[in-house]
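Asker: Let me begin by handing over the structure; questions about it come next.
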Amino acid sequence: MQLSQDDGSRMLDASDLSSYAHLLEERYHALAMVTGQIIWTADAHGHLTGDLHPWCAFTGQAPDEAQEGGWSAVTHPEDREGIQRTWREALMQQTPYEHEARIQRYDGEFRCMLIRAAPVFAGNNRVREWIGTCTDITELRRAEQNAARQAREVEIILDTLAEGVAVYDADGATVRINPAARRIIAGEAPLPLDTQERVRRYQMRDPVTNRLLTADEWPLTRILHGEVLSGDEAVDIALRGLDGQERI
Numbered sequence: 000m001q002l003s004q005d006d007g008s009r010m011l012d013a014s015d016l017s018s019y020a021h022l023l024e025e026r027y028h029a030l031a032m033v034t035g036q037i038i039w040t041a042d043a044h045g046h047l048t049g050d051l052h053p054w055c056a057f058t059g060q061a062p063d064e065a066q067e068g069g070w071s072a073v074t075h076p077e078d079r080e081g082i083q084r085t086w087r088e089a090l091m092q093q094t095p096y097e098h099e100a101r102i103q104r105y106d107g108e109f110r111c112m113l114i115r116a117a118p119v120f121a122g123n124n125r126v127r128e129w130i131g132t133c134t135d136i137t138e139l140r141r142a143e144q145n146a147a148r149q150a151r152e153v154e155i156i157l158d159t160l161a162e163g164v165a166v167y168d169a170d171g172a173t174v175r176i177n178p179a180a181r182r183i184i185a186g187e188a189p190l191p192l193d194t195q196e197r198v199r200r201y202q203m204r205d206p207v208t209n210r211l212l213t214a215d216e217w218p219l220t221r222i223l224h225g226e227v228l229s230g231d232e233a234v235d236i237a238l239r240g241l242d243g244q245e246r247i
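For the sequence shown, numbering that gives the first Met the number 0 gives the first residue as 0, with consecutive numbering after it.
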């Protein structure tokens, strides 16, 4: 059947609509393939609809097992109540949904998944359906955990070093000062948090010539200007710390 307007111009007929629907379905599958995401749809009440193949391929569930809330059976027991509760809240409030939970893969391994969904509204401003994705972020979370562990290990090493270590950002603001550096800079005196305040109270001199260094000659200033003070370029200074004691 072909649809037409009163002016005789051609509108979409049934075959056109079928072809367009097929094109959308192909795009849907292609999007899921290139993004590596599980794309899913649900009706206004949160019941899964449409093609469940991506979900079933990942979890090993049969399509009927995932229906009527059965998808929660493959969530980690510790995460199950949270994901169900937040999903119910999103359905009631008709607001975008985002939640992290561990989902059991077909091989039995629990993977950390970022689940997102957004409501699609009909003309009457009521939710017609939900479009959602599940993204495997396991490797990202592992990398973050490894980075945090390595940072803790660095902190332990810095705290036990006998040498003073001070870390500054590109603007000269203090990032980290280990206990040995605190003792060098301030002894037992309180250490101001503001780097500029500390610097204003320093006195630095050349231990050989006994000449006071200008601010532009201070090691930190030179480093911030791009110099590398190591090896033959290393410098010795006499620093009068915040406690009034001078240390070389």
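We put the beta carbon where it would ideally sit given N, CA and C, even for glycine.
1. Between the alpha carbons of ALA61 and ALA121, how many angstroms are there, rounded?
2. Does ASN177 pass the burial test, meaning 16 or more other C-beta atoms within 10 Å, or should it be called exposed?
3. The alpha helix (DSSP H) with GLU64 in it runs from where to where?
4. Starting from MET112, follow its DSSP beta bridges and name the residues at the other end.
5. Going along the chain, which residues of its own chain have a beta-carbon closer than 6 Å to the beta-carbon of HIS269, five neighbours each way excluded?
6. What did DSSP end up calling MET0 once you bin it into helix, strand or coil?
7. Under 8 Å, do TRP70 and LEU90 count as touching if we go by C-beta distance?
8. Would you call the segment 129-137 and the segment 71-86 in contact, with 3 or more CB pairs under 8 Å?
9. Distance check for TYR167 and TYR105, CA to CA, integer angstroms please.
10. Using the C-alpha atoms, what's the distance from TRP86 back to ARG101?
11. Have a look at HIS75 and GLY107 and give me their C-alpha separation to the nearest angstrom.
12. Going by beta carbon distance, what residues of the same chain come within less than 7 Å of ASP5, once the five residues before and after it are set aside?
13. According to DSSP, is GLU77 part of a helix, a strand, or is it coil?
14. Taking the continuous alpha helix (DSSP H) assigned at THR58, which residues delimit it?
15. Mind reading off the beta-carbon distance from VAL119 to GLN93? Whole number of angstroms is fine, and I expect it under 8 Å.
16. Taking the beta carbon of ARG210 as the centre, do at least 16 other beta carbons fall within 10 Å, making it buried, or is it exposed?
17. Let me confirm a value: ILE114 is counted as buried when at least 16 other C-beta atoms fall within 10 Å, else exposed. Which label applies?
18. For THR173 versus ALA165, is the C-beta distance shorter than 8 Å?
19. Using the three-state DSSP reduction, which class does GLU154 fall into: helix, strand or coil?
20. For ALA116, is the classification buried or exposed, using 16 other Cβ atoms within 10 angstroms of its Cβ as the cut-off for buried?
21. My output table needs one value for GLU317: the three-state DSSP class, helix, strand or coil.
Answerer: To lay it out plainly:
1. For the purposes of this step, residue 61 is taken as residue 62 along the sequence shown, with counting starting at 1. For the purposes of this step, residue 121 is taken as residue 122 along the sequence shown, with counting starting at 1. Going from the Cα of ALA61 to the Cα of ALA121 covers about 30 Å.
2. Along the sequence shown, one-based indexing puts residue 177 at 178. It is buried - the Cβ of ASN177 has at least 16 other Cβ atoms within 10 Å.
3. The sequence position of residue 64 within the sequence shown is 65, counting from 1. From DSSP, the alpha helix (DSSP H) with GLU64 extends over 62-65.
4. Taking the first residue of the sequence shown as position 1, residue 112 is located at position 113. In the DSSP output, where bridge partners are listed per residue, MET112 has ALA100, ASP135.
5. Nothing in the structure corresponds to residue 269, since the chain is present only between 0 and 247.
6. By 1-based counting over the sequence shown, the position of residue 0 is 1. Note that MET0 scores 42 on pLDDT, short of 50, meaning its location in the model is unreliable; the coordinates nonetheless yield the value given after this. Residue state, collapsed to three classes: coil.
7. Numbered from 1 along the sequence shown, position 71 holds the residue referred to as residue 70. Numbered from 1 along the sequence shown, position 91 holds the residue referred to as residue 90. Cβ distance not < 8 Å, so TRP70 and LEU90 don't count as in contact.
8. no
9. Sequence index remark: in the sequence shown, residue 105 carries index 106 (1-based). Sequence index remark: in the sequence shown, residue 167 carries index 168 (1-based). In this structure, the straight-line span from the alpha carbon of TYR105 to that of TYR167 is close to 48 Å.
10. For the purposes of this step, residue 101 is taken as the residue at position 102 of the sequence shown. For the purposes of this step, residue 86 is taken as the residue at position 87 of the sequence shown. Cα-Cα distance, rounded: 15 Å.
11. Numbered from 1 along the sequence shown, position 76 holds the residue referred to as residue 75. Numbered from 1 along the sequence shown, position 108 holds the residue referred to as residue 107. Cα to Cα, HIS75 sits roughly 11 Å from GLY107.
12. Stepping through the sequence shown from its first residue, residue 5 is reached at position 6. For ASP5, the predicted model reports a pLDDT of 49, less than 50, meaning its position is unreliable and no value from the coordinates is stated.
13. Counting from one through the sequence shown, the residue named residue 77 turns up at place 78. Note: GLU77 maps to helix in three-state DSSP.
14. Mapped onto the sequence shown, residue 58 falls at position 59. That run of the alpha helix (DSSP H) goes 52-58.
15. Taking the sequence shown and counting its residues from 1, the one referred to as residue 119 is at position 120. Taking the sequence shown and counting its residues from 1, the one referred to as residue 93 is at position 94. The Cβ separation is near 10 Å, so there is no contact.
16. Reading the sequence shown from its first residue, position 211 is the one you call residue 210. Its Cβ having fewer than 16 others within 10 Å, ARG210 is exposed.
17. The sequence position of residue 114 within the sequence shown is 115, counting from 1. Answer is buried; the Cβ neighbour count reaches 16.
18. The residue given as residue 173 occupies position 174 in the sequence shown. The residue given as residue 165 occupies position 166 in the sequence shown. Yes.
19. Sequence index remark: in the sequence shown, residue 154 carries index 155 (1-based). In the structure shown, GLU154 sits in a helix (DSSP, three-state: H, G or I).
20. Within the sequence shown, the letter at position 117 stands for residue 116. By the 10 Å Cβ count, ALA116 comes out buried.
21. Residue 317 falls outside the range modelled here, since the chain spans only 0 to 247, and no answer is possible.
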